[in-house]
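Peer 1:
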Amino acid sequence: MENQESANYTYILRCKDDSLYTGWTNNLEKRIQNHNAGKGAKYTRARRPVELVYYERFLTRQEAMKREWEIKQLARKDKLKLIEKNFKNILD
Numbered sequence: 270m271e272n273q274e275s276a277n278y279t280y281i282l283r284c285k286d287d288s289l290y291t292g293w294t295n296n297l298e299k300r301i302q303n304h305n306a307g308k309g310a311k312y313t314r315a316r317r318p319v320e321l322v323y324y325e326r327f328l329t330r331q332e333a334m335k336r337e338w339e340i341k342q343l344a345r346k347d348k349l350k351l352i353e354k355n356f357k358n359i360l361d
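All letters in the sequence shown, in the order written, are residues 270 to 361 by the numbering used here.
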């Protein structure tokens, strides 16, 4: 994983029930571990394990929180397109 010093992340998790959860953090690796340990958001506690399927990195907390809000406004199909587009970019 990238150097996380002074970074903020907006992320999407795929839950065990195939639902999607969007959040933000300043420590992505630890946050995912917390979600999977049942210490994350109430939503993910009953839907473990979760898998990181998308993230974006930002310099400020405000940018990450703004992007989290934007993604949460998207329909599921649009979130899936975002995830798929990101996956294709990784493969290219």
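Cβ coordinates follow ideal geometry from the N, Cα and C atoms, glycine included.
Going straight from the alpha carbon of W338 to that of G292, what length do you get?
Peer 2: Your numbering for residue 338 matches position 69 in the sequence shown. Your numbering for residue 292 matches position 23 in the sequence shown. Going by the C-alpha atoms only, they are around 9 Å apart.
Peer 1: Taking contact to mean at least 3 C-beta pairs separated by less than 8 Å, is the segment 296 to 308 in contact with the segment 332 to 349?
Peer 2: no
Peer 1: Take A344 as the anchor and find which of G307, R326, K308, L289 has the nearest alpha-carbon.
Peer 2: As a working mapping, residue 344 is identified with position 75 in the sequence shown. Taking the Cα of A344 as reference, the smallest distance to any Cα among G307, R326, K308, L289 is reached at L289.
Peer 1: Could you have a look at L328 and say whether DSSP puts it in helix, strand or coil?
Peer 2: Mapped onto the sequence shown, residue 328 falls at position 59. Reduced to three states, the DSSP call for L328 is coil.
Peer 1: Return the CA-CA distance between N355 and T313, expressed in angstroms with no decimal places.
Peer 2: In the sequence shown, counting from the first residue as 1, residue 355 sits at position 86. In the sequence shown, counting from the first residue as 1, residue 313 sits at position 44. Roughly 23 Å separates the two Cα atoms.
Peer 1: Please classify G309 as buried or exposed, where buried requires at least 16 neighbouring CB atoms within 10 angstroms.
Peer 2: The residue given as residue 309 occupies position 40 in the sequence shown. Counting the other CB atoms within 10 Å of its CB gives G309 a total of 16 or more, which places it among the buried residues.
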